[in-house]
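Numbering (my numbering), first residue to last: 91 to 199.
One structure is given below, encoded as structure tokens.
Here is the structure:
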């Protein structure tokens, strides 16, 4: 296996299919392990129910927020990211960034 190989890489066709099914927004997380191998996973944008489930899980364990979001939004990639602690912790550090919110203003009338 060469250092440039990306484990879990999806085809351009698969990515387009995911985009078509998920409002055009897909996220790719790339993790480089200790041996310089790159592992990737693909996540869709979380929905309100995904964030709600992750928030409930986080009440018990803070790590569960990212783990739940990753599980709920997972589209594909290297399954080892879910099972290897080092890969999971690296990827989960990026998961919270897929929660995008619009800006709002509150005005007292």
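All C-beta atoms in this analysis are idealised placements derived from N, C-alpha and C, irrespective of residue type, glycine included.
The structure presented is a predicted model; accordingly, all values stated were derived computationally and were not measured.
Could you tell me which residues DSSP pairs with residue i in its beta bridges?
| i | result |
| --- | --- |
| residue 128 | 96 and 122 |
| residue 38 | What the structure shows of the chain is the stretch from 91 to 199, and residue 38 is not part of that stretch, so it cannot be assessed. |
| residue 166 | 132 |
Distance, Cα to Cα, residue i vs residue j?
| i | j | result |
| --- | --- | --- |
| residue 141 | residue 126 | 32 Å |
| residue 190 | residue 177 | 23 Å |
| residue 158 | residue 150 | 12 Å |
| residue 195 | residue 182 | 30 Å |
Take residue i as the anchor and find which of the options has the nearest alpha-carbon.
| i | options | result |
| --- | --- | --- |
| residue 118 | 139, 199, 194 and 171 | 171 |
Residue i: buried (16+ other C-beta within 10 angstroms of its C-beta) or exposed?
| i | result |
| --- | --- |
| residue 167 | buried |
| residue 115 | exposed |
| residue 137 | exposed |
| residue 68 | With the chain represented from 91 up to 199, any question about residue 68 goes unanswered, as that position is not in the structure. |
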